[in-house]
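2 protein chains.
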Amino acid sequence: MIIDFARRAHDHNWEMDPITRSLLDTDFYKLLMLQFIWKNFPRTRATFTLINRTASVQLGEIVDVEQLREQLEATRRLRFRKSELLWLAGNTFYGRRGIFEPAFLEWLEHEFELSDFELSVHDGQLQLQFEGLWSGTSMWEIYALSEIGELKTRAALKDLSEFELDILYARAKTRLWEKMERLRGVPELNITDFGTRRRHSFLWHEYVVNSMRDTIGDCFSGTSNAYLAYKHNLEAIGTNGHELPMAMAALARDDEELRNSQYALLELWQQSYQGELLILLPDTFGTTQFLRGAPDWVTNWTGQRIDSKDAYVAGDEYIAWLQRHGADRKDGGADERMKGSHGTMAPAQNRTSMAAMMRESLFTRSGRQPSGTAVVV
Amino acid sequence: MIIDFARRAHDHNWEMDPITRSLLDTDFYKLLMLQFIWKNFPRTRATFTLINRTASVQLGEIVDVEQLREQLEATRRLRFRKSELLWLAGNTFYGRRGIFEPAFLEWLEHEFELSDFELSVHDGQLQLQFEGLWSGTSMWEIYALSEIGELKTRAALKDLSEFELDILYARAKTRLWEKMERLRGVPELNITDFGTRRRHSFLWHEYVVNSMRDTIGDCFSGTSNAYLAYKHNLEAIGTNGHELPMAMAALARDDEELRNSQYALLELWQQSYQGELLILLPDTFGTTQFLRGAPDWVTNWTGQRIDSKDAYVAGDEYIAWLQRHGADRKDGGADERMKGSHGTMAPAQNRTSMAAMMRESLFTRSGRQPSGTAVVV
Numbered sequence: 000m001i002i003d004f005a006r007r008a009h010d011h012n013w014e015m016d017p018i019t020r021s022l023l024d025t026d027f028y029k030l031l032m033l034q035f036i037w038k039n040f041p042r043t044r045a046t047f048t049l050i051n052r053t054a055s056v057q058l059g060e061i062v063d064v065e066q067l068r069e070q071l072e073a074t075r076r077l078r079f080r081k082s083e084l085l086w087l088a089g090n091t092f093y094g095r096r097g098i099f100e101p102a103f104l105e106w107l108e109h110e111f112e113l114s115d116f117e118l119s120v121h122d123g124q125l126q127l128q129f130e131g132l133w134s135g136t137s138m139w140e141i142y143a144l145s146e147i148g149e150l151k152t153r154a155a156l157k158d159l160s161e162f163e164l165d166i167l168y169a170r171a172k173t174r175l176w177e178k179m180e181r182l183r184g185v186p187e188l189n190i191t192d193f194g195t196r197r198r199h200s201f202l203w204h205e206y207v208v209n210s211m212r213d214t215i216g217d218c219f220s221g222t223s224n225a226y227l228a229y230k231h232n233l234e235a236i237g238t239n240g241h242e243l244p245m246a247m248a249a250l251a252r253d254d255e256e257l258r259n260s261q262y263a264l265l266e267l268w269q270q271s272y273q274g275e276l277l278i279l280l281p282d283t284f285g286t287t288q289f290l291r292g293a294p295d296w297v298t299n300w301t302g303q304r305i306d307s308k309d310a311y312v313a314g315d316e317y318i319a320w321l322q323r324h325g326a327d328r329k330d331g332g333a334d335e336r337m338k339g340s341h342g343t344m345a346p347a348q349n350r351t352s353m354a355a356m357m358r359e360s361l362f363t364r365s366g367r368q369p370s371g372t373a374v375v376v
Numbered sequence: 000m001i002i003d004f005a006r007r008a009h010d011h012n013w014e015m016d017p018i019t020r021s022l023l024d025t026d027f028y029k030l031l032m033l034q035f036i037w038k039n040f041p042r043t044r045a046t047f048t049l050i051n052r053t054a055s056v057q058l059g060e061i062v063d064v065e066q067l068r069e070q071l072e073a074t075r076r077l078r079f080r081k082s083e084l085l086w087l088a089g090n091t092f093y094g095r096r097g098i099f100e101p102a103f104l105e106w107l108e109h110e111f112e113l114s115d116f117e118l119s120v121h122d123g124q125l126q127l128q129f130e131g132l133w134s135g136t137s138m139w140e141i142y143a144l145s146e147i148g149e150l151k152t153r154a155a156l157k158d159l160s161e162f163e164l165d166i167l168y169a170r171a172k173t174r175l176w177e178k179m180e181r182l183r184g185v186p187e188l189n190i191t192d193f194g195t196r197r198r199h200s201f202l203w204h205e206y207v208v209n210s211m212r213d214t215i216g217d218c219f220s221g222t223s224n225a226y227l228a229y230k231h232n233l234e235a236i237g238t239n240g241h242e243l244p245m246a247m248a249a250l251a252r253d254d255e256e257l258r259n260s261q262y263a264l265l266e267l268w269q270q271s272y273q274g275e276l277l278i279l280l281p282d283t284f285g286t287t288q289f290l291r292g293a294p295d296w297v298t299n300w301t302g303q304r305i306d307s308k309d310a311y312v313a314g315d316e317y318i319a320w321l322q323r324h325g326a327d328r329k330d331g332g333a334d335e336r337m338k339g340s341h342g343t344m345a346p347a348q349n350r351t352s353m354a355a356m357m358r359e360s361l362f363t364r365s366g367r368q369p370s371g372t373a374v375v376v
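Those protein sequence lines, which keep their order, are chains A and B.
The opening position of the first sequence corresponds to residue 0 in numbering that gives the first Met the number 0, with each subsequent residue numbered one higher.
The opening position of the second sequence corresponds to residue 0 in numbering that gives the first Met the number 0, with each subsequent residue numbered one higher.
Structure representation (structure tokens):
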């Protein structure tokens, strides 16, 4: 038996086990949105605040706030690595190379900085707020959520013996395998991982993603996590989120501008990305009002992401709207377009299953993973 | 990331991964029988032959015969360690210290030797035979069975990827845990591990035994494996096997001696162990004929081990026989005595469950573990 003295000593002596170890360990859409913000709103200031939507879960009692502070501070000290920047520069995203401009990558390397944060506990809840340039606050969203989630995991696992931990992960792997066996039989399956913000831990997330790649193969279209895509040669998936229409609405100066802000965003987005990555996210202020007021040119977008409505209801509503606007084209049609650009945008129900899988695969004696945390502008 | 260079190099370079790493890695009853043989039949010669009772399993095709030869040769080179001999000398077995005589332990240290073996493959079956002094052939039984079993396991696992192996063991642990959860609820449970000869592998055996100790606690009365008992501070369980009446029968010179040999053995055993460890094993040539011809003094034995009959039928038969011989004592009675000496002899149905658990806990794509191998005189 060869003892690895260095590892034993190292394991005894570490002061902190960093949760976020790369600035790429975020959803890919944050990077696309970051370039958009850098390009169009470089001086705009924004505040991100954590809201725990499941108030009954006293996150401030569960998570050690000083440990969270250390994690956030460690994240703030991170810088993009050369290899990560070169990957962003040279890799193909949605079939296109050069989606990130050289000037943006220069800025990312030398000037990008995460904002400061304010952290405290009030009434058993974490109070966490980020203030500063929008480009410096926006990126906190995923780092903060995955760090809080993983600290909650660590708290739940703290009292388990080595044997109990072993059984816990054995059961998690067994459940994961059973779910993948079921998925394997689904015809025309197209599934993408969007687990980062709700994951049990980075290592388990990585295990699940690698397992899916190895098990369901071509049906696994990729991951929203840029670091896992970079590290494991996967497709990075995602376009943009509600953050953009919310910010545009906040920047509107009157009611007319407010109503139009959701379409002004689309114009700005298609300018910024030369007519690529055109996936609508129409539900920020309600899909029905969005479609009612949308200009004709919006029918040229490739598809929609259904995020908060029954997928069939929202799909039918979108198709009917396309037909009313004479956009029921023969070249693919609405059904085809709903798959999203290059067929890589997973239908909402699959995304939901994956999120559910990430959350449900592992549960501890003290209950499920946190799912009620959210960061909103 | 600290790389353990020494371990990586070592793992790449090993020529053989020995299955049996201690001469104690055998059933405890073999050691009790060995002392009995040493004491009463030091010059008797015996032949042990492997018989695969499930002829449809072509063990000679599955197991690499040269690897088996290397394993057997490595086992033959093993010697008892001082700490193992001191444990045999000083430990309490069935509540009694000094069950092994100093002269026997001296002999074990300096003179004990495993016999030579003959190994070949014929018609797809392993041909394995041990010839020599009974003391040198008897001990091969368990080493040979567990080595063949583990080589069969290795053959089954050879084509699995690292991920598939990980899932395999995760599922095995999950099943093990589910079975232990079920066992935990059984009232007055008394369960002993007798898995050595039929185990998946040494390491899995050790894992199962430690898990049972940690999970079902006091209901887990011990293990038949002397090495696991020594290493993990458990009770070593077992008394004797069919080997003894079979050998005694073979040594008989006429029919009268043959019929009496099964009782002569009991006399010799109780002399050898000063009236301790008196567990009958009456089914070698049939329990009914055994009880019909048994002298009155046999009722003084503490209990019986039911090995091949329905436990209730055999129990009722034994109780009726005790009553006919006026041995229906008030001080405990037959029911009490059936639990065996010191309550550590597990009822047959529990033993069977455990054997089943050891076999069923893990199964591979190519089927269950071998259960049709046996070594008989």
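Backbone N, C-alpha and C fix where the C-beta goes; we use that ideal spot for every residue, glycine too.
Here's the rule: buried if 16 or more other CB atoms are within 10 angstroms of the residue's CB, otherwise exposed. What is residue 141 of chain B?
Residue 141 of chain B is buried by the Cβ-count criterion.
Going by beta carbon distance, what residues of the same chain come within less than 7 Å of residue 95 of chain A, once the five residues before and after it are set aside?
Same-chain partners within the cutoff: 275.
Any C-beta of chain B under 9 Å from that of residue 17 of chain A:
Nearest CB-CB separation between residue 17 of chain A and chain B: not below the 9 Å threshold.
Member of A:241, A:264, A:69 whose CA lies at the smallest distance from the CA of residue 251 of chain A:
For the residues A:241, A:264, A:69, the minimum Cα distance to residue 251 of chain A belongs to A:264.
Neighbour-count burial assignment, residue 186 of chain A, 16 or more Cβ in a 10 Å radius
Classification for residue 186 of chain A: exposed.
Could you tell me whether the Cβ of residue 170 of chain B comes closer than 9 Å to any Cβ of chain A?
Yes, residue 170 of chain B lies at the interface with chain A (some Cβ there is under 9 Å from its Cβ).
Simplified DSSP state of residue 98 of chain B, which is helix, strand or coil
In the structure shown, the three-state DSSP call for residue 98 of chain B is coil.
What residues in its chain sit with their C-beta under 6 Å from that of residue 68 of chain A, if we drop five residues either side in the sequence?
Within its own chain, the residues whose Cβ lies closer than 6 Å to the Cβ of residue 68 of chain A, once the five positions on either side in sequence are excluded, are 118, listed in chain order.
Going along the chain, which residues of its own chain have a beta-carbon closer than 7 Å to the beta-carbon of residue 106 of chain B, five neighbours each way excluded?
For residue 106 of chain B, where only same-chain residues beyond five positions count, the Cβ hits under 7 Å are 37.
Just to make sure I have the definition right: I need the residues of chain A whose C-beta is within less than 8 Å of the C-beta of residue 176 of chain B. Which are they?
What residue 176 of chain B touches in chain A: 166, 169, 170.
Whether or not the stretch 60-76 of chain A and the stretch 13-26 of chain A are in contact is what I'm after, with contact meaning three or more pairs of Cβ atoms, one per stretch, closer than 8 Å; do they touch?
Contact between the stretch 13-26 of chain A and the stretch 60-76 of chain A is present, with at least three C-beta pairs closer than 8 Å.
Can you name, in chain order, every residue of its own chain whose Cβ lies under 8 Å from the Cβ of residue 262 of chain B, other than the five neighbours on each side?
Hits under 8 Å: 292, 293, 294, 297.
Compare the Cα-Cα distances from residue 285 of chain A to each of A:317, A:178, A:268 and report the closest residue.
For the residues A:317, A:178, A:268, the minimum Cα distance to residue 285 of chain A belongs to A:317.
Going along the chain, which residues of the stretch 200-231 of chain A sit with their C-beta nearer than 7 Å to a C-beta in chain B?
Residues of the stretch 200-231 of chain A with a C-beta less than 7 Å from any C-beta of chain B: 210, 213, listed in chain order.
Measuring only between beta-carbons, confirm whether residue 306 of chain A sits less than 9 Å from chain B.
Chain B contact via Cβ: absent.
Count the other C-beta atoms from every protein chain shown that fall within 10 angstroms of the C-beta of residue 54 of chain A, then say buried if there are 16 or more, exposed otherwise.
It is exposed - the Cβ of residue 54 of chain A has fewer than 16 other Cβ atoms within 10 Å.
Within the continuous alpha helix (DSSP H) that includes residue 152 of chain B, where are the two ends?
Counting along the chain, the alpha helix (DSSP H) containing residue 152 of chain B begins and ends at 139-156.
Looking at chain A, is there any beta carbon in it that lies within less than 9 Å of the beta carbon of residue 190 of chain B?
Put simply, the CB of residue 190 of chain B is far from chain A, with every gap to its CB atoms at 9 Å or more.
So is the beta-carbon of residue 134 of chain B under 8 Å away from any non-hydrogen atom of the ligand ADP?
Of the ligands one can find in the structure shown there are none, so the ligand ADP has no counterpart to examine.
Comparing the C-beta of residue 9 of chain B with each C-beta of chain A, is any distance below 9 Å?
Taking Cβ atoms only, chain A reaches closer than 9 Å to residue 9 of chain B, which makes this a yes.
Report yes if the C-beta distance between residue 108 of chain B and residue 78 of chain B is below 9 Å; otherwise report no.
Closer than 9 Å, so yes.
I believe residue 145 of chain A touches residue 196 of chain A by the beta-carbon criterion, under 8 Å. Please report the beta-carbon distance rounded to the nearest angstrom.
Approximately 6 Å separates the beta-carbon atoms of residue 145 of chain A and residue 196 of chain A; this is inside 8 Å, confirming the contact.
In terms of residues, what are the limits of the alpha helix (DSSP H) holding residue 11 of chain B?
That run of the alpha helix (DSSP H) goes 4-12.
Hey, does residue 3 of chain A have any beta-carbon neighbour from chain B nearer than 9 Å?
Chain B contact via Cβ: present.
Within 10 angstroms of the Cβ of residue 8 of chain A, are there 16 or more other Cβ atoms? Answer buried if so, exposed if not.
Within 10 angstroms of the beta-carbon of residue 8 of chain A lie fewer than 16 other beta-carbons, which makes it exposed.
Let's see if you can read the secondary structure: which residues bound the beta strand (DSSP E) around residue 378 of chain B?
Only positions 0 to 376 of chain B appear in the structure, and residue 378 of chain B is not among them; the question remains open.
Whose C-alpha, out of A:190, A:248, A:242, is nearest the C-alpha of residue 30 of chain A?
Here the closest residue by C-alpha is A:242.
Limits of the beta strand (DSSP E) - the one that residue 44 of chain A falls within:
Judged by DSSP secondary structure, residue 44 of chain A falls within the beta strand (DSSP E) whose first and last residues are 44-51.
Given a cut-off of 9 Å on the beta-carbon distance, is the pair residue 239 of chain A and residue 93 of chain A in contact?
In this structure, residue 93 of chain A does not lie closer than 9 Å to residue 239 of chain A by Cβ.
Just to check my reading of the structure: residue 191 of chain B and residue 148 of chain B have Cβ atoms closer than 8 Å, yes? What is that Cβ distance to the nearest angstrom?
That pair is no contact at about 19 Å.
With DSSP run on the structure shown, which of helix, strand or coil describes residue 117 of chain B?
The answer is strand: DSSP assigns residue 117 of chain B an E or B state.
Is residue 301 of chain A close to chain B? Criterion is C-beta to C-beta, closer than 9 Å.
At a cut-off of 9 Å between C-beta atoms, residue 301 of chain A does not count as an interface residue with respect to chain B.
What ranges does the alpha helix (DSSP H) occupy inside the stretch 227-274 of chain B, keeping only unbroken runs of at least 4 residues that lie completely in it?
Listed in chain order, the alpha helix (DSSP H) elements of length 4 or more contained wholly in the stretch 227-274 of chain B are 242-250, 254-271.
Could you tell me which of A:308, A:152, A:32 sits nearest to residue 103 of chain A, measuring between CA atoms?
Scanning A:308, A:152, A:32 for the CA closest to the CA of residue 103 of chain A turns up A:32.
Compare the C-beta of residue 13 of chain B against all C-beta atoms of chain A and say whether one is closer than 9 Å.
So, not an interface residue.
For residue 355 of chain B, does the count of other Cβ atoms within 10 angstroms reach 16, so buried, or fall short, so exposed?
For residue 355 of chain B, the predicted model reports a pLDDT of 34, less than 50, meaning its position is unreliable; a value from the coordinates is still stated below. An exposed status is given to residue 355 of chain B, since fewer than 16 other beta-carbon atoms sit within 10 Å of its beta-carbon.
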